[in-house]
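So the protein lines, in turn, are chains A and B. Residue numbering for the first sequence is 1 to 197, as defined by full-length UniProt numbering. Residue numbering for the second sequence is 1 to 747, as defined by full-length UniProt numbering. Virtual Cβ for every residue (Gly too), placed ideally from N, Cα, C.
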Amino acid sequence: MSFSIDQILRGDIPRVERPPAADPSLVPVRLRVNGQDHDLQLEPRVSLLDALREFIGLTGTKKGCNQGACGACTVLVEGERVNSCLTFAIMHQGKDITTIEGLGTPDALHPLQAAFIEHDGYQCGYCTPGQICSAVAMLKEVEHGDASHVTSDLMATDVQLTDEEIRERMSGNVCRCGAYLGIVDSIRAVYEQQKGQ
Amino acid sequence: MRTKEVGRPLDRVDGRLKVTGQARYTAEFPVEQVAYGVLVRSTIARGRILAYGTKAAEQTPGVLAVLTHENAPKRHPTKEFDPSDKEPSASPTTILVLNTDEVSWHGQPLVVVIAETLDQAEEAASLVRITYAPAEELAKLSMLDQKTEAFVPKKVLNEKPEVTQGNAEEALAAAPVKIDHTYTTPPYNHNPIEAHNTLAYWEGDDQLTVYDSTQYIFGVRKMLSEMFALKEENVRVVSAFVGGAFGSKGRAWPHVGLTAMAAKVVGRPVKIDLPRKDMFYMVGGRTPSEQRVALGADAEGKLQAVVHTGLTASSTSNTFAEHFSFVTRHLYASPNFLIQQKLVRLDMVPNTFMRAPGEGIGTFALESAMDELAYALNMDPIELRLRNEPEKDPTMHVPFSSRHLKECFALGAEKFGWHQRNPQPRGRREGPWLIGQGTASAFYPANKRSAEVKVKLSIDGTALLQSATHEMGTGTATVQAQNAADQLGLSVEKVRFEYGDSLLPKANGSYGSTTTITVGGAVELACEDLKRQLLRLAVKHPSSVLHEANYDDLEARDNGLFYKDNPTRGETYAVILAREGKENLEAQASFPPFLKEKLEEMAYSFQSFGAQFCEVRVHEETGEVLVSRWVGVYDCGTILNDKTARSQFLGSVTMGIGMALWEETHWDLRDGRIPNASLSEYHVPVAAGLPRIEVYSLGIPDPHTPLGAHGAGEIAVTGAAAAIANAVYHATGKRIRDLPITPDKLL
């Protein structure tokens, strides 16, 4: 139970699932997270966020406000961004859930993860997993031609991803360190890279 | 020639863990059998508790304990944080909640509910009922209503609350050009996205381990050791990854002691992760302030009188008088000064430091006033500032260790295109948008604290650096590895930095923009000690090329010590250590080295400077204000890492924009309730609505600080709100002296 600072700073802390409680009022819930099934015994009121963090032990998804105002808990459900604090775990059985841990690892970064490092799209790192998950889904929305509040031509199928568009579309994710410029630049870099391919 | 590591825009050394979700923040350690604590807040601001209704909570499935002042184990009183202590406790207050039936603020934690799961604890907490006897006298909740009770505190931080030079009021009356106004700022909350949280467990009766989201590990350790009568070394405090702090995590708020207490009661690890609402009620924020600034100048714009007085609030249980007047003590020359701070006591959560405390709100008043004076003089506001550059610190009467405010304005004006600006208010319009430009000085002290650093060099060419300092996104982990790499002539990949644990050598709290110099100085000293030890080992041997070398002839380079004047002549550390049969060598040092530092502190005024420029668009019909451009230039000495320092500046400007336009913690003056205690109603800046902020640093080393550096985490908050207020005036002709600048004030 005791962790050395060396272990902590190397990120060498195991993922531990909470052992199921012997409580007959709990219901079995199977969640597929990052391609792996997790069989849990949960109260139906447990949020997807708490199921991930407190039961499955995937702590990369963060709790910032627990009311959908900050976006730190953003995960992908069937590829779409969701505030995991605002939805119950039990509602997501049989769906593909992707968290920050499923996007990449320290040795095999997702392009957005690499871009956030290069452009310093973070400081403390706490909102970062939510920002990155949100950005992954946002780029898909753009690819799909979804309009935003600042899109001038709502009928156009090809969205021009200006800085203003990125800022608007990422404004559900609060960064109190104020790394927004790095976040915008990270997303732009990956967008340009993907467009070029 | 090898490139130096210091100055390089190196990626953060902890970056990969952060972007992949592998960095473990406080609430995320997988300790077995962890139970969850939830706190119940007071709903009155002042009074006594008559009775608790806890039965329903106790009967809720999963509940392990419900603690009130009637059944909670008694803890020992702790000393409030006192900046004049050598190693102050992190306690924000002397009140021990749950040791008393007294209620001192709305939101004070009164009950701790501990349960198997978070949902069970939350449900049970919602069922607790408390009956109160509210105080007969009305709770004191409005600073301005309590003005008659305001008093001059004994000290403002470690300085005098008053500075008078000459006769400022007389000089003001006699000055041909003058302005005299009152500026007010509201309460603000830090709102780091990682809430304050604590995870605690006991081993036996006298070994306590606490994971805590703190920016002051040893202050937390001190507070807990006092509270539970433990030896300090029996308390381990870990704070490795911190999800933002901004000053709030410099204090251990009541939940920290309560978590440790709860863990003791239930005999299991307990964690309390404050809900966002509790972050407003149980974690102190920035004080409100009311400031008078009066400036009198001669016809050439030379200041003849500077008056900066006013008041801030603290709680009934703490004494922190936020130092809004400090900026005025150092920024401009004047023969006459009247500076005074007063304080009122309110029934509120204890206030605390928030990013750029003192100067954040002080520069709003002073730098707005300078703009008003510039208009009164019909003079360019930059010219006014340049005409009042002091030769020496105007109230300390010693030279500045380093001061380049003029250069900041020169570079900023050029980058911004300031000189194309038509100074006339309401001179530019695009449709319904009025466009204005404003500028202000930035100012923040370059203080130092204390830190110890241990460095261990191994024969394989790696170095381990250890110090219990903090990394809250500030870049410390990265820049100090760069620093040590240069001191030892290694590449940065060979340096590993361990921080964030009280088992490491002691360091002071990471606040006040002090960590870069403080830890940097200790790294420098420890590495020097190590290199001298290495040299002593080498000179013993006639066969060593360093046999006759003096320390000053050498430099650390290419994993060894080499002659400065003969780059190929020297020895690697591996050779020196191998000859001695040693695997490694260690050195430890403390900063500041007492005597030298004391003398230097008295001989100079250590301050950072900057120039803020912005453009705003104000919608004439709705009063909406948008910041459309920003240029900031800062004078913070040597920059250790362009990438991380730039982010500190960008983040500070962003917080300054929030302070100016959107942020305000509302207090219901009837009962102390905070109606906007959430991130949906307390508006922090988001990506939309911010411009592409441009920041520059002069990078001129301070000859009197370690590495020539200053801290860079707060300077860019200062002056930001004033620059915006000045730009809003330029756009609209309306002077807003009351933050935040919301549409209602412009219509």
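Can you give me the start and stop residues for the beta strand (DSSP E) that residue i sits inside?
i               : result
H38 of chain A  : Q36 to L42
Y696 of chain B : E694 to S697
G409 of chain B : Checking the sequence shown, residue 409 of chain B turns out to be Phe, not Gly. Premise fails: F409 of chain B lies in the alpha helix (DSSP H), L405 to F416, not in any beta strand (DSSP E).
S652 of chain B : Looking at the DSSP string, S652 of chain B is not in any beta strand (DSSP E); the run it does join, the alpha helix (DSSP H), is D642 to L661.
T312 of chain B : L303 to S315
H255 of chain B : Note, H255 of chain B: premise wrong, no beta strand (DSSP E); alpha helix (DSSP H) at P254 to V266.
I114 of chain B : P109 to A115
For residue i, I'd like the list of residues in its chain whose CB is within less than 6 Å of its CB, leaving aside the five on either flank, ordered along the chain.
i               : result
Y25 of chain B  : E194, F241 and G243
G178 of chain A : none
M1 of chain B   : Only weak support exists for where M1 of chain B lies, its pLDDT of 37 falling under 50; the value from the coordinates is given anyway. Cβ neighbours of M1 of chain B beyond the five flanking positions: none.
A299 of chain B : P176
A477 of chain B : V13, D14, E471 and F497
A720 of chain B : Q612, V653 and G656
L434 of chain B : V618, E620, A731 and T732
V111 of chain B : V40, T68 and V128
G412 of chain B : A611, F613, V631 and V633
D39 of chain A  : R30
T20 of chain B  : none
Identify the continuous alpha helix (DSSP H) that holds residue i and give its terminal residues.
i               : result
F218 of chain B : I217 to M227
G521 of chain B : T515 to V539
G182 of chain A : Y180 to G196
I100 of chain A : I100 to L103
I179 of chain B : Unbroken run through I179 of chain B is the beta strand (DSSP E), V177 to T185; no alpha helix (DSSP H).
Report yes if the CB atom of residue i is closer than 8 Å to the CB atom of residue j, and no otherwise.
i               : j               : result
A526 of chain B : K454 of chain B : yes
F416 of chain B : F613 of chain B : yes
Y211 of chain B : A263 of chain B : no
V631 of chain B : A731 of chain B : no
F324 of chain B : Y511 of chain B : no
P44 of chain A  : I90 of chain A  : yes
A21 of chain A  : Q41 of chain A  : yes
G438 of chain B : A723 of chain B : yes
Q304 of chain B : A171 of chain B : yes
H196 of chain B : H255 of chain B : yes
N641 of chain B : R16 of chain B  : no
I339 of chain B : V163 of chain B : yes
V75 of chain A  : T98 of chain A  : yes
G71 of chain A  : G172 of chain A : yes
K95 of chain A  : E118 of chain A : no
E372 of chain B : H76 of chain B  : no
L377 of chain B : G436 of chain B : no
L208 of chain B : A260 of chain B : yes
Spatial neighbours of residue i within its chain, please: C-beta separation below 7 Å, excluding the five flanking residues on both sides.
i               : result
P567 of chain B : none
L585 of chain B : L457, L530, Q533, L534 and L577
E663 of chain B : Y188, Y682, H683, V684 and P740
R356 of chain B : Note on identity: in this sequence residue 356 of chain B is Ala, with Arg being the wrong assignment. Closer than 7 Å at Cβ, skipping near neighbours: Y444, E714, V717 and T718.
S148 of chain A : E165, E168 and R169
S334 of chain B : L303, Q304, A305, V306 and P394
L50 of chain B  : T131, Y132 and A133
D273 of chain B : A27, A195 and N197
Apart from the five residues just before and just after residue i, which ones in its own chain have a Cβ nearer than 8 Å to its Cβ?
i               : result
R385 of chain B : Y332, M370, L405, F409 and S441
P269 of chain B : V31, E32, Q33, V34, A35, L199, A200, Y201 and A263
F609 of chain B : R403, H404, L405, C408, S441, A442, F443, Y634, D635 and I715
G11 of chain A  : P106
G107 of chain B : R41, S42, D278, F280, Y281, M282, V349, G672 and I674
Determine the chain D residues that contact residue i at a beta-carbon separation under 8 Å, and present them in chain order.
i               : result
V684 of chain B : Any reference to chain D falls outside this structure, whose protein chains are A and B.
Return yes when at least one heavy atom of the ligand ADP lies under 7 Å from the C-beta of residue i, else no.
i               : result
M396 of chain B : Only the bare structure without any ligand can be found here, which leaves the ligand ADP out of the picture.
Stretch pair the segment 307 to 314 of chain B + the segment 282 to 295 of chain B: three plus CB contacts closer than 8 Å: Of all C-beta pairs linking the segment 307 to 314 of chain B to the segment 282 to 295 of chain B, three or more are shorter than 8 Å, placing the two stretches in contact.
Where the segment 167 to 178 of chain A meets chain B: residues whose CB sits under 9 Å from a CB there: R167, E168, R169, M170, S171, G172, N173, V174, C175, R176, C177 and G178
Stretch pair the segment 212 to 223 of chain B + the segment 37 to 48 of chain B: three plus CB contacts closer than 8 Å: Contact fails: fewer than three Cβ-Cβ distances are below 8 Å.
Contacting positions in the segment 194 to 214 of chain B - beta carbon closer than 8 Å to chain A: Under the 8 Å Cβ criterion, the segment 194 to 214 of chain B contributes E194, A195, Y201 and T209.
Where the segment 735 to 746 of chain B meets chain A: residues whose CB sits under 9 Å from a CB there: none
Contact list for the segment 634 to 658 of chain B against chain A, Cβ threshold 8 Å: K643, T644, R646, S647, Q648, L650, G651, S652, V653, T654 and M655
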